Amino acid sequence: MAVKISLALSELNNSVIKPELGNEKTFEEFERDYNEEWIESIKYLSMDTFIQMFKEGKTDGGVMTFMGCIRDFYAGNYIIDTLSKGTISEEMFYDRLIEDIRKLQFIEDYEKEIEFPSVRIMDFPEGEKKIAIFPANYTVLLPKVDYVFLMKKNDTIAQVPYDDFIKYISKQAKRVDELQYIIHPINEIEHYKILLHFKTLENEKNIIQKGLNNETKKETKEEVNKIEKLDSKKWWKFWE
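Using this note's numbering, the letters of the sequence shown correspond one by one to residues 84 to 323.
Following this line, the structure appears as C-alpha cells:
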C-alpha cells in the first residue's frame, strides 16, 4: 500500500520519489525496483529483528504491542516460545503470529458469549492504576490491569493484584497472548468464595500494616520524648 501511495503521489505531482534509504528515483525507476519481488524479500525482516531482540534479552522482559483493528495483541518471551515449538522457519513463525493476532480480533467467533470488561483508571495513594471488574457467570477476556475488582451487590468488594488473581484461578484461565487471558465462567458461589479468600488476605495485610504503623508511631514518640527530656536539662548537666 505504501508503494502504491508513493507511486500515485509521484504521478499526480510529476515528481521524483526519495526512499528512506537510497537515492531519488523517477516514477519508472521506483515502480521497477519496489515491485512484488522486493516486497516478498523484506516481508519477514522486521519479524527476524523482533525475535532476535527477545532471544538476546534486549527487551528487559518487556512486551511488544501489535495494534489490531479491534484490540491489541501483546507478544514477548512466552509468545515466542509458544509459536516457536517444533522445527519451523521464520515464515511459519510469522504466519502463526498473524493467525493469533487475527483470532484475537474476532474472538467472538471462537468463544461464544464472551464479555470484555472495560479498563478504568483510578487514583490510589501510590498513583493512577488500571482496574477491571471481573463478573461471575461469564466467559471473559481479561486485559492486563493493575488490579482486578471482585464485587457482590450491596456487599463486599475485594481488590486483587492482577498476577495474584490469575495465579489463583489458573485452572479456569487460558492465555491468549503475553498479557491477556480468557477466563471461563465461574459461577456465583465460586466467585463469592474467591472474593472472600482475597478479602481475608486483604484484611490480614491491613492488620499487619496497622500494627507496623503503630509500632513506628510508638518508636517516634519515644524518640521525641527522649529529645524533649534532653532539651529540658541545663547545658552543664550533660557533663554530669
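Here a beta-carbon is modelled for each residue, glycine too, at the ideal position from N, C-alpha and C. Predicted, not measured: the structure shown is a model, and the values here were computed from it.
Relative to the alpha-carbon of residue i, which residue among the options has its alpha-carbon at the smallest distance?
i: K254; options: I190, I265 and E287; result: I265
i: E261; options: T109, E194 and T148; result: T148
i: I162; options: D155, L180 and C152; result: L180
i: K276; options: E182, I240, D183 and T165; result: I240
i: N160; options: R154, L233, V146 and G151; result: V146
i: I197; options: Q188, K213 and R203; result: Q188
i: K235; options: G151, E182, P218 and D246; result: P218
i: H274; options: V231, I88 and V99; result: V231
i: K227; options: I204, N237 and T132; result: I204
i: D183; options: E209, E194 and L166; result: L166
i: I269; options: K282, V259, Q263 and Y251; result: Y251
i: I216; options: F281, D192, Q242 and K101; result: Q242
i: R185; options: E209, I171 and G151; result: G151
Return the first residue and the last residue of the alpha helix (DSSP H) that residue i is part of.
i: Y161; result: N160 to L166
i: D246; result: Y245 to Y251
i: F113; result: F110 to D116
Could you check if residue i is buried or exposed, using at least 16 other CB atoms within 10 Å of its CB as the buried criterion?
i: Y157; result: buried
i: Y177; result: buried
i: F248; result: buried
i: A91; result: exposed
i: L95; result: exposed
i: P200; result: buried
i: D229; result: buried
i: L278; result: buried
i: I214; result: buried
i: F137; result: buried
i: F281; result: buried
i: L224; result: buried
Tell me, which residues are paired with residue i by DSSP?
i: L224; result: I265
i: E211; result: D206
i: Q188; result: BP columns for Q188 are empty, so no partner.
i: R258; result: Y264
i: F137; result: BP columns for F137 are empty, so no partner.
i: Y157; result: T148
Under DSSP, the beta strand (DSSP E) around residue i begins and ends at which residues?
i: Y230; result: Y230 to M234
i: F199; result: Note, F199: premise wrong, no beta strand (DSSP E); not H, not E.
i: T148; result: M147 to F149
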